[in-house]
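Everything on this sheet refers to the single structure shown next.
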Amino acid sequence: MFKPKIWEIKPDLKINWIPAPYPVLDDNSVRAWAWLMFVVWMIALVYSITTQSLLLANIIVPIILLDLFIKVFIWPMYSPFFIIWAYLVRNKKPEWVWARQKQFAWIIWLVIASIVFWFTSMLGKCWPAMLLCLVCLVFMWAEAVLWNCIWCNVYVSLRNKWYIKEEEYAPVCSWGACEIKKD
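With the working numbering, the residue at position 145 of the sequence shown is 145, and numbering never jumps.
If you want it as structure tokens, here you go:
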């Protein structure tokens with residue numbers, strides 16, 4: 001049976017010959033998830049603009065909210081979208097990266113999706129929700145296509161400016177984004 005390897009502490013894991021005793025994620029699954037979210041948000045946005053209807057957004061946004069809620073507060077391994085994409089990239093060699101900055105990004109996505117949900121479902125307002133969706137699309141495109149997690153970079157900047165406590169081990173992120181800045 002397929003068991004997605006999404007978020008785990010791997011005993012004796014070394015990344016670039018450096019010990020990694022912290023929770024890691026398979027970056028392939030994260031990028032695939034970002035691509036899926038990009039497509040889903042794009043469909044909802046285009047539908048809302050062309051029909052001036054929130055029907056599709058009122059279906060898609062709660063599903064995305066549930067997925068993010070599960071990912072942030074329960075366990076990423078139980079996220080339905082993550083399971084699908086982890087399965088699809090199962091034959092790729094895992095690219096393990098630090099999980100904490102991804103969780104930070106998911107919390108921000110959860111807040112944004114909650115605001116979009118509030119605008120669409122509670123207030124019935126289309127344009128503010130569409131503007132937020134457009135922002136989401138830019139960030140998801142950057143993650144899926146450019147392999148640049150903007151929220152992860154924000155997290156690392158906050159950590160480098162000492163707003164977030166520095167970790168015991170130097171974490172590994174895609175493209176060296178987590179490198180600790182030396183003054």
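C-beta atoms are modelled at their ideal positions from N, C-alpha and C, and glycine is treated no differently.
Practice task
Ignore the nearest five residues each way along the sequence and tell me which others in residue 107's own chain have a CB closer than 7 angstroms to its CB.
Solution key: Here residue 107 refers to the residue found at position 107 when the sequence shown is read from its first residue. If we look at residue 107 and ignore the five residues flanking it on each side, its Cβ neighbours are 72.
Practice task
Counting only the same chain and skipping the five closest in sequence on each side, list residues whose C-beta sits under 7 angstroms from that of residue 183.
Solution key: Counted from its first residue, the sequence shown places residue 183 at position 183. For residue 183, the predicted structure reports a pLDDT of 48, less than 50, and the residue's modelled location is therefore unreliable. A value from the coordinates is still provided. Cβ neighbours of residue 183 beyond the five flanking positions: none.
Exercise for the section: Decide if the segment 32-44 is in contact with the segment 133-151; the criterion is three or more beta carbon pairs, one per stretch, under 8 angstroms apart. Expected result: yes
Practice task
Assign residue 24 to one of three DSSP states: helix, strand, or coil.
Solution key: In the sequence shown, counting from the first residue as 1, residue 24 sits at position 24. Correct three-state label for residue 24: strand.
Exercise for the section: Check residue 96 in the structure and name its three-state DSSP category. Expected result: Sequence index remark: in the sequence shown, residue 96 carries index 96 (1-based). Strand at residue 96.
Practice task
Please report the Cβ distance between residue 132 and residue 116, rounded to the nearest whole angstrom; I am assuming they are in contact, meaning their Cβ atoms lie under 8 angstroms.
Solution key: Along the sequence shown, one-based indexing puts residue 132 at 132. Along the sequence shown, one-based indexing puts residue 116 at 116. At roughly 5 angstroms, the Cβ-Cβ gap stays under 8 angstroms, so residue 132 and residue 116 are in contact.
Practice task
Taking only the alpha-carbon atoms, compute the straight-line gap between residue 58 and residue 124 and give it to the nearest angstrom.
Solution key: On the sequence shown, residue 58 is found 58 positions in, with the first residue counted as 1. On the sequence shown, residue 124 is found 124 positions in, with the first residue counted as 1. Rounded to whole angstroms, residue 58 to residue 124 spans 9 angstroms at the Cα level.
Practice task
Please list, in chain order, all residues of the same chain as residue 102 whose beta carbon is under 8 angstroms from its beta carbon, the five residues on each side excluded.
Solution key: On the sequence shown, residue 102 is found 102 positions in, with the first residue counted as 1. Excluding positions up to five away in sequence, the list reads 25, 30, 149 and 152.
Problem - Candidates 120, 40 and 100, of which the one nearest residue 53 by Cα - result: Locating residue 53 in the sequence shown gives position 53, where the first residue counts as 1. Of 120, 40 and 100, the residue nearest in Cα terms is 120.
Handout entry: Between the CA atoms of residue 21 and residue 10 - distance to the nearest angstrom
Key = In the sequence shown, residue 10 corresponds to position 10, counting from 1. In the sequence shown, residue 21 corresponds to position 21, counting from 1. Taking the straight line from one Cα to the other gives about 7 angstroms.
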